[in-house]
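Beneath this line is the structure, given in structure tokens, with notes to follow.
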Amino acid sequence: MSDLVTLIIPVYNRAHLLPRTLKSVMNQSHSNWECIVVDDGSTDNTVNIVSAFAKADSRINIYKRPENKHKGANACRNFGLELAKGEYVNFLDSDDTIKTDKLESQINAISNTDYQFSVCQTEMIDSQKNEILGFWCSKIYSDTPLDDYIKNSAWWAIHAVLWKRSFIFQYRFNESLRQSQEYELHIRVLATRPNYHVTDKTLASVHVHQNQISTNFSSNNQKLISHLEVRYYCLKSFSSSLKDSTNKYLFKHVFDLFKHFVVYRELRKACIAYYFLFKSAPYFHDMKFKKYSTLLRWFIAIPSYFAFKKGDIFIRYIR
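Adding 139 to a residue's 1-based position in the sequence shown gives its number in the working numbering.
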């Protein structure tokens with residue numbers, strides 16, 4: 140169907156937040172849409188709430204993640220993409236909302252063009268005070284989009300993008316990741332140098348609490364591994380085509396995490412971060428002539444801090 144948009148929402152135990160998201164979908168000025176909600180095994184009232192919305196509006200449908208698929212938002216998104224009938228696709232998280240004219244504005248921008256997707260500006264809203272805190276990222280356009288997206292200097296939220304389904308269907312989400320899922324997908328897309336549209340219009344909103352603006356990805360080891368795996372992937376796959384400053388940003392980011400975990404004596408996380416430093420070193424040019432001596436020095440820092448609570452001489456960055 141022409142101009143049909145499929146909105147895909149993965150959800151897990153978000154009964155208290157999902158109505159706000161669904162209402163923002165139902166209020167769209169572009170009425171030709173279907174909304175696919177994929178439940179990831181909720182144990183609260185999520186399924187009943189979505190079912191009530193679906194009963195009131197037949198454009199809303201709820202599905203359960205198939206048991207043979209990985210648990211997690213990425214598997215739910217990919218499953219929703221398989222079910223999608225729309226010419227366009229918009230992913231949302233269960234605490235996101237979109238402005239009334241989002242779909243209409245972005246469809247008008249990319250229909251009958253060579254653009255493969257459209258990106259809009261996203262605002263952050265304090266959920267408790269209902270106050271605008273600022274932009275998700277003040278800059279969303281760049282002449283060097285891959286470099287700037289990797290460095291978080293020009294990037295966007297997942298629901299800021301309206302995709303042509305024929306394009307995004309080629310990529311899918313990496314279901315093995317527990318963190319940095321959208322970041323990794325967008326980097327893979329940008330690495331192909333796509334033709335896309337950018338508008339500074341604020342058409343999407345992220346609702347946050349003040350103490351939730353910064354996510355502690357290191358709260359569990361699997362999320363930390365995913366976070367570091369994506370940075371390693373960037374160095375391994377794109378180091379030859381990225382700016383030197385981007386390569387330095389990636390490697391220094393991994394080092395800073397390693398140093399943090401060593402200094403605060405989080406042994407398991409320090410070892411995980413060191414493993415990714417070791418893997419990343421061959422792809423970082425500044426390590427070329429002193430790779431092994433530097434890696435050995437950093438390795439010695441681990442037992443030094445854990446045994447003696449000191450070892451600054453071992454944990455200096457590359458000179």
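Here a beta-carbon is modelled for each residue, glycine too, at the ideal position from N, C-alpha and C. Small disclaimer: the values here were computed from a predicted structure and weren't measured.
Status (buried if at least 16 other CB within 10 Å, exposed otherwise) for residue i
| i | result |
| --- | --- |
| Thr261 | buried |
| His346 | buried |
| Arg216 | buried |
| Tyr431 | exposed |
| Ile352 | In this predicted model, Ile352 has a pLDDT of only 39, less than 50, meaning its place in the structure is not dependable; the value taken from the coordinates is given anyway. Exposed, since its Cβ has fewer than 16 Cβ neighbours within 10 Å. |
| Ser319 | buried |
| Ala191 | exposed |
| Tyr335 | buried |
| Ala446 | exposed |
| Thr236 | buried |
| Asn251 | exposed |
| Met140 | Residue confidence is low: Met140 scores 49 on pLDDT, short of 50, so the model does not pin down where it sits. No coordinate-derived value is stated. |
| Thr239 | exposed |
Three-state secondary structure (DSSP) of residue i
| i | result |
| --- | --- |
| Tyr202 | strand |
| Ser353 | Since pLDDT at Ser353 reaches only 44, below the 50 mark, its modelled position is unreliable, and the value read off the structure follows with that caveat. Residue state, collapsed to three classes: coil. |
| Phe417 | helix |
| Met140 | Low per-residue confidence applies at Met140: pLDDT is 49, beneath 50, and the placement is therefore not dependable, though the value from the model is reported in the following sentence. Here Met140 sits in coil by DSSP. |
| Leu324 | helix |
| Lys408 | helix |
| Gly273 | strand |
| Ser197 | coil |
| Phe392 | Position check: residue 392 holds His in this sequence, whereas Phe was assumed. If DSSP states are grouped into helix, strand and coil, His392 belongs with the helices. |
| Asn251 | coil |
| Pro333 | coil |
| Leu346 | The question names Leu, but residue 346 is His in the sequence shown. It is a strand residue. |
| Leu375 | Here residue 375 is Lys; the residue named in the question, Leu, does not match the sequence. Helix. |
| Trp437 | helix |
| Tyr151 | coil |
| Lys449 | coil |
| Gln260 | strand |
| Thr239 | coil |
| Glu368 | helix |
| Tyr444 | helix |
Neighbourhood of residue i by C-beta distance below 7 Å, restricted to the same chain and skipping five residues each side
| i | result |
| --- | --- |
| Asp196 | Met165 |
| Asn350 | Annotation note: pLDDT 44 at Asn350 (below 50); position unreliable, coordinate value reported separately. Excluding sequence neighbours, Asn350 sits near nothing in its chain. |
| Thr385 | Asp286, Ile289, Lys290 |
| Ser400 | What sits at residue 400 in the sequence shown is Phe, not Ser. Lys408, Ala409, Ala412, listed in sequence order. |
| Asp183 | Asn152, Ala154 |
| Ala193 | Ile199, Asn200, Ile201 |
CB-CB length for residue i against residue j, believed under 8 Å
| i | j | result |
| --- | --- | --- |
| Leu231 | Arg311 | Wrong, their Cβ atoms sit about 17 Å apart, outside the cutoff. |
| Glu314 | Asn213 | 5 Å |
Own chain partners of residue i with C-beta closer than 6 Å, once the 5 adjacent residues on each side are dropped
| i | result |
| --- | --- |
| Asn171 | Asp142, Leu143 |
| Leu324 | Phe312 |
| Leu242 | Val144, Gln167, His169 |
| Tyr422 | Leu374, Lys375, Ser378 |
Contacts around residue i, its chain only, beta-carbon distance under 8 Å, and the 5 residues preceding and following it disregarded
| i | result |
| --- | --- |
| Ile264 | Glu270, Ile271, Leu272, Ser344, Val345, His346, Val347 |
| Phe218 | Val177, Tyr202, Arg204, Pro205, Lys208 |
| Ile188 | Ala154, Leu157, Pro158 |
| Gly453 | Sequence check: residue 453 is Phe here, not Gly. Here the set comprises Arg436, Trp437, Ile439, Ala440, Ser443. |
Among the options, nearest to residue i - alpha-carbon criterion
| i | options | result |
| --- | --- | --- |
| Gln309 | Arg370, Trp275, Val228 | Val228 |
| His209 | Ser305, Gly180, Thr160, Asp451 | Gly180 |
| Cys259 | Thr252, Gln267, Ser277, Ser250 | Ser277 |
| Leu329 | Thr341, Thr338, Phe306 | Phe306 |
| Ile201 | His392, Ile297, Tyr372, Ile148 | Ile148 |
| Leu342 | Ile175, Trp437, Ser257, Ser233 | Ser257 |
| Asp339 | Phe274, Tyr372, Lys303, Ser378 | Phe274 |
| Ser376 | Thr331, Leu156, His392 | Thr331 |
| Phe415 | Thr185, Ile175, Ser365 | Ser365 |
| Ile199 | Pro205, Val177, Tyr254 | Val177 |
| Ile297 | Ser281, Asp282, Thr283, Ile326 | Ile326 |
| Val369 | Arg436, Lys382, Ser380, Val393 | Val393 |
| Asn360 | Lys398, Arg455, Trp437, Glu405 | Glu405 |
Neighbour flag for residue i against chain C, beta carbons, 9 Å
| i | result |
| --- | --- |
| Phe306 | Absent here is chain C; the protein component of the structure consists of one chain. |
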